[in-house]
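Take a look at the structure below.
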Amino acid sequence: MQSFNFASRQSAADGMDDAASRYVPSSIYSGGGQSRAPSTAVQFTPMPVGGPFQDTPRPDTHNGDRNGDRPRASAYLNVHDPVAMHLLAETAMVDSKDYEVLSYEELEQLKKEKKFLDNRVESTRRKLALEIKVRDAAQSLNRLYTPKGRTPSIDFSGDANGHSPPKQRKRNFLGSKGSINEASSRADDEYIASAKRVEVVSQELSDLEKRLETCDRRLLQHTAGILQMTHRGLKKNVRKTQLPHSPESMSSQNRNTYYMDTMNDFDERSLYQVPDYVREAHISGLPPLNAAGPDVRALDEMAGRLDQLAARMHAMIKQTGSQEHFEPPPEQQPDRANSLQNQLGYLEQGLDVMEGAHERLLSSVQSDQDTGEQLHEVNARLGSMLARTNSVSRSPVEETHAPQDRDLQAQLAFSSDALDRLNKRIDSLVEQKDILTRQIQQQRDLNSKSDAQRDARIHELDGQLETTKRQLSNSDQESQQLREQLNAMMEQLDQAKQESVLLSQRQDDRSALEEQQRQQQQELEKSQSDLQSRTQELDKSHGEMQRLESEIVRMTTELTMARAELDSAYGSRAQRAADVSSNPAVQKEIEDLKRELRETIEDYEVMTKQSIEAEKERDKYEERIDNLEHKCETLETQLNEEKVKWMGVKTGAPNDSTSAMVLKNEFKKMMRDTRAEQTRAYKAEQEERRRLEGILRQLRKENGQATPKKMLSPAVLQTGE
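In this text, residue positions in the sequence shown follow full-length UniProt numbering: the first is 1, and each later residue adds one.
Structure (structure tokens):
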């Protein structure tokens with residue numbers, strides 16, 4: 001398994017395979033560029049190789065970083081060095097400025113989730129250990145069925161495949177018959193299934209550890225973020241003769257006094273204010289040295305010594321081959337402070353590389369030791385297996401013991417020799433098994449004759465027993481069917497009794513509905529007869545109106561002709577007026593004609609009003625007829641529903657059951673009658689609609705002809721005058 005370390009700084013050895021070194025002196029120590037993010041690299045604990053006969057130990061490294069044995073600070077860190085502490089503090093503050101800060105409720109919830117995940121990881125690890133033991137046992141069993149030289153490879157799609165060289169292929173030590181093949185196939189399936197389970201549990205454990213890693217990272221980022229938000233920085237009340245934040249001002253104060261003053265001078269307003277270095281959005285870097293610091297000669301000597309140390313370290317790293325792309329030491333710069341910072345950063349990176357190389361060397365040595373231990377344990381198991389098989393093999397076997405030292409070559413030689421001797425014993429066991437198999441087969445042949453008679457008798461008795469069971473089952477089914485039929489008949493009887501009670505009430509309702517339908521039908525017939533009489537009167541009125549219109553046209557024509565004759569015979573209007581005024585007979589005739597024309601026009605207007613009123617009354621009667629027809633249809637629907645409900649029910653015999661065929665025939669008859677009635681009603685409605693549309697068209701046509709004639713009446717009167 002793997003362990004995750006979030007609290008420690010990432011070593012430069014983790015980036016050994018990078019194309020270029022991580023050393024960026026201008027961006028880390030001079031304040032410009034991009035700051036280096038905190039390391040979240042995964043540190044893998046080397047695991048020894050486990051054999052098929054050994055339970056692979058899986059150390060619990062997940063909680064290793066949280067125990068009390070871990071030192072608080074690195075052995076290479078000098079906590080009394082003000083420059084280094086100042087640089088580390090500033091770098092930590094800038095690196096944690098973008099970290100997420102949680103609320104108290106979120107923090108408690110995250111801690112609960114972390115505790116839950118810890119328990120889940122522990123239980124999953126125990127489950128994985130059990131599954132690994134099962135897998136190793138299945139692998140050991142599978143090797144017993146696998147020929148020498150053939151190593152089965154696991155294919156998680158469902159089968160194990162492998163190929164052995166022709167020279168090393170041997171016969172399976174358990175034989176090659178069908179039963180042996182089945183056992184071998186079953187062993188392969190068990191091994192594949194156990195390997196799949198191990199893979200599934202391992203994946204589950206990996207997912208849980210990733211979730212736990214996320215919880216740990218969020219908790220650490222919250223801690224760093226809240227400390228960064230509430231940090232006041234270095235003390236501001238320094239002496240005016242010293243530079244603020246300089247090594248001299250920092251080293252001039254006592255360490256215990258500085259911590260006590262910081263606790264006493266804590267400003268609660270810093271919880272609600274953004275620090276200055278966050279608003280500036282970059283690292284200010286170390287202030288330049290002035291006359292108050294060390295002299296120039298001491299700085300030059302220190303720079304020279306640092307250059308020599310950097311060159312020696314670079315040569316040492318190149319010789320050891322710890323990092324292929326490790327950059328050479330940085331060149332001297334005019335600014336001594338920046339140059340010293342770059343040299344210190346380069347030395348720190350070199351120390352990290354050497355530390356990583358040392359750790360890898362220790363890990364390799366530890367891995368070799370673990371491998372030797374495992375080989376020793378495997379050889380011990382092989383020796384015990386050989387000792388247990390001494391009683392089975394007939395050939396004399398010399399007593400051998402596993403070497404007590406941890407030499408890998410000796411352990412491997414002993415393992416190879418033990419496996420060869422074990423293979424020989426397996427071959428002898430296979431031969432013995434073949435002999436026993438032949439003896440068992442002969443004994444089975446002798447027993448098969450007597451077993452055949454006994455099997456025939458047993459088969460006959462089994463047949464009789466099956467026949468008896470079927471007869472018993474059939475009788476049970478028949479009795480069950482009879483009980484169900486009896487229950488159904490009782491239910492039908494109860495239902496018929498209930499229906500007989502409701503029959504009289506339904507018949508009364510039906511008679512009331514029929515009576516209401518008859519009344520509605522009579523009212524409908526009366527309305528239809530009234531409508532017909534009104535229609536006849538309307539037709540008469542239209543005929544009279546047409547006659548009067550023709551009379552008006554005739555009289556208008558005669559008037560026009562008479563006026564033309566008057567114009568031709570008697571001259572102008574003035575002359576005719578003079579003649580008419582002088583002739584009383586003509587004047588009287590004209591007055592009579594005017595009066596007759598006026599009466600005719602008044603009669604025409606009265607007839608027009610009557611036709612309009614008749615049309616309105618006709619619309620009202622049609623609406624009433626539609627309502628009555630709708631009521632009749634509703635009553636017919638209710639009547640048909642009642643017929644369907646009481647279809648096949650006889651008044652004299654309420655307890656008789658109705659046949660399905662009778663119900664079906666009556667339903668078909670009722671549907672035919674309903675469709676016929678609907679067809680007749682639809683045809684009558686269409687005929688009535690066509691008749692009314694014809695009448696309406698005729699009325700519109702007559703009204704259109706009468707309108708211009710009516711407009712002529714004032715002109716006729718003026719002409720008469």
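Backbone N, C-alpha and C define an ideal beta-carbon position, used for all residues, glycine too.
Since the model is a prediction, treat every value here as computed from it, not as a measurement.
(request) Rounded to whole angstroms, what's the CA-CA distance from LEU110 to ARG297? Just pull it up for me. (result) Locating residue 110 in the sequence shown gives position 110, counting from the first residue. Locating residue 297 in the sequence shown gives position 297, counting from the first residue. For LEU110 and ARG297, the distance between alpha carbons rounds to 56 Å.
(message) With H, G and I counted as helix, E and B as strand and the rest as coil, what does DSSP make of GLU327?
(response) Locating residue 327 in the sequence shown gives position 327, where the first residue counts as 1. Here GLU327 sits in coil by DSSP.
(message) In this structure, how does DSSP classify ASN78 when only helix, strand and coil are distinguished?
(response) Position 78 of the sequence shown, counted from the first residue, corresponds to residue 78. ASN78 sits in coil when the DSSP states are folded into three classes, being neither helix nor strand.
(request) Let me know if LEU382 comes out buried or exposed under the rule of 16 or more other beta-carbons within 10 Å of its beta-carbon. (result) Within the sequence shown, the letter at position 382 stands for residue 382. By the neighbour-count rule (16 or more Cβ atoms within 10 Å), LEU382 is buried.
(message) Measuring only the C-alpha atoms, how far is GLU623 from GLU687?
(response) Your numbering for residue 623 matches position 623 in the sequence shown. Your numbering for residue 687 matches position 687 in the sequence shown. When rounded, the separation of the alpha-carbon atoms in GLU623 and GLU687 is 17 Å.
(request) Answer with yes or no whether the minimum CB distance from ALA496 to chain D is below 8 Å. (result) Of the protein chains in this structure there is only one, and it is not chain D.
(request) Put SER500 into one of helix, strand or coil per three-state DSSP. (result) For this step, residue 500 is matched to residue 500 along the sequence shown. Looking at SER500 - three-state DSSP - the assignment turns out to be helix.
(message) Quick check on ASN379: buried or exposed, where buried means 16 or more other Cβ atoms within 10 Å of its Cβ?
(response) For the purposes of this step, residue 379 is taken as the residue at position 379 of the sequence shown. When all chains shown are included, ASN379 counts as buried.
(message) Can you look up TYR99 in the DSSP assignment and give me helix, strand or coil?
(response) Position 99 of the sequence shown holds residue 99. TYR99: coil per DSSP, three-state reduction.
(request) Examine the ligand FMN and report whether any of its heavy atoms sits within less than 7 Å of the Cβ of GLN341. (result) The ligand FMN is not part of the structure shown, which contains no ligands of any sort.
(request) Using three-state DSSP, classify ASN665 as helix, strand or coil. (result) The residue labelled residue 665 in the question sits at position 665 within the sequence shown. Looking at ASN665 - three-state DSSP - the assignment turns out to be helix.
(message) Given this structure, state the Cα-to-Cα distance separating ASP592 from ARG547, to the nearest angstrom.
(response) Sequence index remark: in the sequence shown, residue 592 carries index 592 (1-based). Sequence index remark: in the sequence shown, residue 547 carries index 547 (1-based). In a straight line, the C-alpha of ASP592 is about 21 Å away from that of ARG547.
(request) Report the rounded CA-to-CA distance for PRO57 versus GLU131, giving the unit in angstroms. (result) Along the sequence shown, one-based indexing puts residue 57 at 57. Along the sequence shown, one-based indexing puts residue 131 at 131. A caution first: PRO57 carries a pLDDT of 41, below 50, which makes its placement in the model unreliable, though a value can still be read off. In a straight line, the C-alpha of PRO57 is about 13 Å away from that of GLU131.
(request) Specify the secondary structure class of HIS459 as computed by DSSP and reduced to three states. (result) As a first step, residue 459 is located in the sequence shown; it is residue number 459 there, counting from the start. Three-state result, HIS459: helix.
(message) Our contact map puts LYS422 next to LEU375 with C-beta atoms below 8 Å; I'd like the distance itself, whole angstroms only.
(response) Residue 422 sits at position 422 when you count from the first residue of the sequence shown. Residue 375 sits at position 375 when you count from the first residue of the sequence shown. Looking at the sequence itself, residue 422 is Leu, so the reference to Lys does not match. At roughly 16 Å, the Cβ-Cβ gap does not stay under 8 Å, so LEU422 and LEU375 are not in contact.
(message) Measuring straight from C-alpha to C-alpha, what distance separates GLN532 and ARG675?
(response) For the purposes of this step, residue 532 is identified with residue 532 of the sequence shown, where counting begins at 1. For the purposes of this step, residue 675 is identified with residue 675 of the sequence shown, where counting begins at 1. It is roughly 28 Å from the alpha-carbon of GLN532 to the alpha-carbon of ARG675.
(message) Can you give me the C-alpha to C-alpha distance between ASP207 and THR124, rounded to a whole angstrom?
(response) Along the sequence shown, one-based indexing puts residue 207 at 207. Along the sequence shown, one-based indexing puts residue 124 at 124. Linking ASP207 to THR124 through their CA atoms gives a straight-line distance of about 11 Å.
(message) Going by DSSP, what residue range makes up the alpha helix (DSSP H) through ASN640?
(response) Counting from 1 along the sequence shown, the entry for residue 640 is found at position 640. Boundaries of the alpha helix (DSSP H) harbouring ASN640: 584 to 645, taken from the DSSP string.
(request) Starting from HIS314, follow the alpha helix (DSSP H) in both directions and report where the run begins and ends. (result) Position 314 of the sequence shown holds residue 314. DSSP places HIS314 in the uninterrupted alpha helix (DSSP H) bounded by 296 to 320.
(request) For HIS231, name the three-state secondary structure that DSSP assigns. (result) As a working mapping, residue 231 is identified with position 231 in the sequence shown. Coil.
(message) Taking the straight line between their C-alpha atoms, what separation do you get for GLU693 and ASP619?
(response) Along the sequence shown, read from residue 1 onward, the residue named residue 693 stands at position 693. Along the sequence shown, read from residue 1 onward, the residue named residue 619 stands at position 619. Using only the alpha carbons, I get a separation of about 13 Å.
(message) For ARG438 and ALA183, I'd like the C-alpha separation in whole angstroms.
(response) Taking the sequence shown and counting its residues from 1, one reaches residue 438 at position 438. Taking the sequence shown and counting its residues from 1, one reaches residue 183 at position 183. Across the structure, ARG438 and ALA183 are spaced so that their CA atoms are roughly 19 Å apart.
(message) Classify VAL79: buried if its beta carbon has 16 or more other beta carbons within 10 angstroms, exposed otherwise.
(response) Taking the sequence shown and counting its residues from 1, the one referred to as residue 79 is at position 79. Result: exposed.
(message) Considering only the alpha carbon of each residue, which of ILE625, MET229, LYS127 and GLN477 lies closest to GLU525?
(response) The residue given as residue 525 occupies position 525 in the sequence shown. Among ILE625, MET229, LYS127 and GLN477, the Cα nearest to that of GLU525 is on ILE625.
(request) Taking only the alpha-carbon atoms, compute the straight-line gap between LEU88 and GLU199 and give it to the nearest angstrom. (result) Taking the first residue of the sequence shown as position 1, residue 88 is located at position 88. Taking the first residue of the sequence shown as position 1, residue 199 is located at position 199. Their Cα atoms are separated by approximately 43 Å.
(message) With three or more beta-carbon pairs closer than 8 Å as the criterion, would you say the stretch 304 to 322 touches the stretch 338 to 357?
(response) With the cut-off at 8 Å, the stretch 304 to 322 and the stretch 338 to 357 touch.
(message) Within a Cβ cutoff of 6 Å, which residues of the same chain sit near GLU642, ignoring the five residues on either side of it in sequence?
(response) If you number the sequence shown from 1, residue 642 lands on position 642. Same-chain partners within the cutoff: ARG510.
(request) Can you tell me which of the three DSSP states ALA653 falls into? (result) To locate residue 653, count along the sequence shown from 1; it is residue 653. With a pLDDT of only 46 at ALA653, under the threshold of 50, the placement of this residue in the model should not be trusted; the figure read from the coordinates follows. In the structure shown, the three-state DSSP call for ALA653 is coil.
(message) Between which residues of its own chain and ARG211 is the CB-CB distance below 6 Å, once the five residues before and five after are set aside?
(response) Here the question's residue 211 lines up with position 211 in the sequence shown. Excluding residues up to 5 positions away in sequence, LEU117 lie with their Cβ nearer than 6 Å to the Cβ of ARG211 in the same chain.
(message) Does GLN343 come out as helix, strand or coil in the three-state DSSP assignment?
(response) Walking along the sequence shown from the start, residue 343 turns up at place 343. GLN343 falls in the helix class under three-state DSSP.
(request) Would you be able to state if there are at least three C-beta pairs under 8 Å between the stretch 342 to 350 and the stretch 325 to 332? (result) At 8 Å Cβ cutoff, the stretches touch.
(message) Please report the straight-line C-alpha distance between ASP216 and LEU347, rounded to a whole angstrom.
(response) Residue numbering aside, residue 216 sits at position 216 when the sequence shown is read from its first letter. Residue numbering aside, residue 347 sits at position 347 when the sequence shown is read from its first letter. When rounded, the distance between both Cα atoms is 31 Å.
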